Amino acid sequence: MTVKIVKVRSLTTLPCAYSSTVDDGYFRYATADGKRVGDVVKFKPDWGGDYVFEEEWHDGKRGVQIKARTLADLKRKIADHYQN
Numbered sequence: 002m003t004v005k006i007v008k009v010r011s012l013t014t015l016p017c018a019y020s021s022t023v024d025d026g027y028f029r030y031a032t033a034d035g036k037r038v039g040d041v042v043k044f045k046p047d048w049g050g051d052y053v054f055e056e057e058w059h060d061g062k063r064g065v066q067i068k069a070r071t072l073a074d075l076k077r078k079i080a081d082h083y084q085n
């Protein structure tokens, strides 16, 4: 299972929408075997500084949320989730 975190330049910034997350001008999402599976956000240091993967919704149900301290650890946890 190949998991990638894709970082693309954001056209807009949302300083009020996610006041707990870092707004560095980029949008991040995760792919598993080339298919987009969810978004990745980074919380500000005073909110813990962790990365969080938010899986896409399926059939009206919210997907899983996976939290990790580093992007490498997050990629490993996402791969483990999709292999099980």
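Offset between the sequence shown (1-based) and this note's numbering: plus 1.
We put the CB at the ideal spot given by N, CA and C, even for glycine.
It should be emphasised that the depicted structure is a prediction, and the values quoted were computed from it without experimental measurement.
- A Cβ-Cβ separation of about 23 Å leaves E57 out of contact with G49 under the 8 Å criterion.
- DSSP places R29 in the strand class (E or B) of the three-state scheme.
- Judged by DSSP secondary structure, R70 falls outside any alpha helix (DSSP H); it is assigned neither H nor E.
- Residue state for D81 is assigned as helix, using DSSP reduced to three classes.
- Each residue's CA atom was taken as its position, placing K36 and D47 some 32 Å apart.
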